[in-house]
Structure formats: structure tokens, C-alpha cells
Amino acid sequence: FGLESGFGLGLGLGSRLDLGSGSMALCAAPVPQKVVSVGIAGVDLVATLESHPEADAKVRTESLAMLGGGNAGNTATALRRLGVAGVTLLTKVGDDAHGRQVLAELAAEGVDTSRVVVKAGVDTPFTYVIVARREASRTCIHTPCAEELLVADVEAMDVDAVLDGAGLLHLDSRHTAAAVEVARKARARGVPVLIDVEKDRPRLAELLPLADVVVTNAAFPRQRTGEDDEEAALKALLCNHATGAAVAICTMGSRGSLAVRCADRLRPDVSLFGADSEGAATLLCPAEELAPEAIVDTTGAGDAYIAGVALGMLEALPLSEAMALGTRVAWHKLQGAGARSALPTREQVWPAKVNA
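Residue numbers (the numbering used here): 379 to 734.
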């Protein structure tokens, strides 16, 4: 997601009225709803270096860690830490040591892995992550699973039963054939669909119109639509590609995040956000400063942001506050190694004084 130096806690609406953190109204109790997430879960080998090496260089790491990763796995973990009572992950891993590590870490966080397909003869998704401290950057070299989650896999697990009680379906744009199948069933049941998309993928043209909310980086809308301006690109994405979505959000690193919404796209059987759903068509959430030396690793910051937005949807927060929540969750994540070590708890995100 190209996250650079932090995120904003306030929001600009037109004239950039600053709502501030005190406006957020999260309940102290955990969210009783259920989220179903379809996407990738794997292992990240995270090597931290002083600076990114030049070609043919030989360098030493400052630290090395093997950690859980993958967009859907990261967002599922973040949602559990934020107090969502039920999070079910649909993915595929290999019947190997990495696959067992993935399942063990997710289960330890309380993620329901009972629907994960374990496939003999394939490798669990694996990513080399190079974290360069001086540049505050991370480079990912990914080895995917040789076989995606298939439509036959989700049909065998009874998707309707999986979606029972779900308040949200989250898709990370992987396993697109299976994701399309699950998204169609979710929409038919009135379950909101949030799609995380960062690059073009097979069958993405079928998947995007099934979204109610799209969260992306700054680059993808421009690449998909040919528009240079982020706001124009988001509007074009809604008009021409994510034709069923009411909201599109892009993260812009140190410039915060931007949302465009189309109120006439709201499905009558679905509630996405709270009271300001009829407000300004374009919203900007500015970036909260975070000193460069405080940024440990940007890996998974976008996944953390999405978890905050998803929680905002479950809580029926206004879109402005859901963006601010995503901002705060990601701000915490930036200060720890890997995608999950610094993911905040519900109490960290909303201290008691905010609810007082």
C-alpha cells in the first residue's frame, strides 16, 4: 500500500473540518459479528537491513524473523485483536511445515481455520521481505501456492453455511475464481463485500463489480483507469469497474487516505457506514506524523488499515471515522516488525478516556 510516514486521525470534509479522535464512538465490548475473509495466508521471511542493497552486493542482515503473513491472514489477525468475535478464513496452504506454522499462528489468534484447505504436494505461500531502515521501505519477493483455492473447494465447504451470521465478507483479490463465487452468494444474502485490490489479477473484472467497498493503493486506480489524479481515478474506478460499489478508498502514504462515494449505489438491504453516509462525495483523511526512526516495518500496514475500516463498517461508524480508525490501526502496526507483531488491541485503539 506504499505507506510512508503514518496516518491521520482527523478527516477533511470539503473544507477539511478536523473531526479529531474524540469523535469516535466505539463501544467498549467486543463486536459480536462475524467476518469471513477469502485470500492468501502464508509465511514471511523478514530480513531487516540498514539500507537496500545495490545489485550484486553482499550484505548482512540486522535481524531475521519468520513470521505469519499474507493479506487475508494479516487482516483476519488484526480483526481478532480488535475484538471481532468471529473471523473465518478461507484459503489454501500446503501440507508442509510452513502450512502448519500458518495454521498454528492463526489459531492462536482465535481465527477460525476449520475451512482452510490443506493440499498435499504444493508449497504454502512464501514471501521474502527486505526491510530497509534508511529508506523506510520494504521489498517483497513472493512465491505463491501452485494451486489456488478453487471453486470446487468452496462448493465442498457449503458457502451458505460459512456465511451464516456474517456481517462482512473481506476479499484480498487472490483466489479470484473462488472469491467471485463467495462474493455472489454474500451479495445474495445481503452481506456487505469489502475488496482489497492492489494490482490487476485474473478475473478481477468479474470480482470488482461485486464489491460494496473497495480499498486500494494510489497506483492501482490510475493504472486501471488511465487517470493521473487520485480523485479522478477513484471516481473512474467506481463508474467503470467497481460498478456495484458505493465507496472506494485509496491509501496515499504520508498524504493520508482518500475516499470517494456514490450514495445512489447503496444497496437497500445493506448497511455500510453510519450517519454521514449522505455527506460529502469526497473525503480526505490526512496523515498523522510518525518520526522516521519510529517506523520499524511497513509490511502489512495496508492490511491493518483495511481491518480498521472493516471494524468501522461492523460498528456502523461514519465513513470518516472508519477511515480514521484504519489510520490508527496502521499507525500502530508501523512500529513493529513484520505484518502482525504490533497490531493493536481494541483497548489500544480506543482508550477508555475516548469513551468517557
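Ideal Cβ positions, reconstructed from N, Cα and C, are used throughout, including at glycine.
- When DSSP assignments are scanned along the region 512-590, the uninterrupted stretches of beta strand (DSSP E) that are 3 or more residues long and fall wholly within it turn out to be 515-521, 544-549, 571-575.
- Excluding the 5 residues flanking it on each side, Q726 has same chain C-beta neighbours closer than 7 Å at H710, in chain order.
- Apart from sequence neighbours up to five positions away, the residues of its chain that approach F598 with a beta-carbon distance below 7 Å are V575, E576, K577, ordered along the chain.
- Fully enclosed beta strand (DSSP E) runs of no fewer than 3 residues occupy 625-629, 635-639, 660-663 of the region 620-675, in order along the chain.
- Boundaries of the alpha helix (DSSP H) around A610: 608-618.
- Going by beta carbons, A557 and V416 fall inside the 7 Å limit.
- L703 and E584 have their C-alpha atoms spaced approximately 30 Å apart.
- Taking the Cα of T676 as reference, the smallest distance to any Cα among E487, Q411, V424, I418 is reached at V424.
- Taking each of V591, V592, L616 in turn and checking the Cα distance to T603, the smallest one comes out for L616.
- Between A589 and V569, the C-beta spacing is not below 7 Å.
- Note that the C-beta distance between A708 and A682 is below 7 Å.
- In this structure, the alpha-carbon of L689 lies about 17 Å from that of A624.
- Inter-residue distance for A419 and V494 is about 10 Å (C-alpha atoms, whole angstroms).
- Annotation: the continuous alpha helix (DSSP H) that includes T453 extends over 449-459.
- Taken through DSSP and simplified to helix, strand or coil, L467 comes out as strand.
- Cα atoms of K436 and E513: separation of roughly 18 Å, rounded to the nearest angstrom.
- Taking 7 Å as the cut-off, the beta carbon of A555 is found closer than this to the beta carbon of R581.
- Counted as a single uninterrupted DSSP element, the stretch harbouring G488 is not any alpha helix (DSSP H), since DSSP gives it neither H nor E.
- Around the beta carbon of N595, 16 or more other beta carbons lie within 10 angstroms, which makes this residue buried.
- Excluding its 5 nearest sequence neighbours in each direction, V413 has C-beta neighbours in its own chain below 8 Å: A454, L457, V462, G464, V465, T466, A544, G545, L546, L547, H548, A688, L692, listed in chain order.
- Going by C-alpha positions, P646 is about 34 Å away from L721.
- In this structure, the alpha-carbon of E667 lies about 11 Å from that of T705.
- Per DSSP, I684 has no beta-bridge partner at all.
- The residue among V560, I508, A510 with its C-alpha nearest the C-alpha of D531 is V560.
- V462 carries a coil assignment under DSSP once its states are collapsed to helix, strand and coil.
- Judged by their CB atoms, V489 and C523 are not nearer to each other than the 7 Å cut-off.
- Residue nearest to L712 within the set A443, V592, V509, E487 is V509 (criterion: CA-CA distance).
- Here the alpha carbons of V591 and L445 stand approximately 29 Å from one another.
- Between G448 and the set D473, L427, L481, the nearest pair of CA atoms involves L481.
- As a beta-bridge residue in DSSP terms, G472 pairs with K497.
- DSSP lists no beta-bridge partner residue for V480.
- Within a 10 Å sphere around the beta-carbon of I519 sit fewer than 16 other beta-carbons, which makes this residue exposed.
- For G704, the secondary structure class from DSSP, reduced to helix, strand or coil, is helix.
- Per the C-alpha coordinates, the member of T723, G716, W728 positioned closest to D422 is G716.
- A Cβ-Cβ contact shorter than 7 Å links V537 with K563.
- Assignment of beta-bridge partners to M444 by DSSP yields L423.
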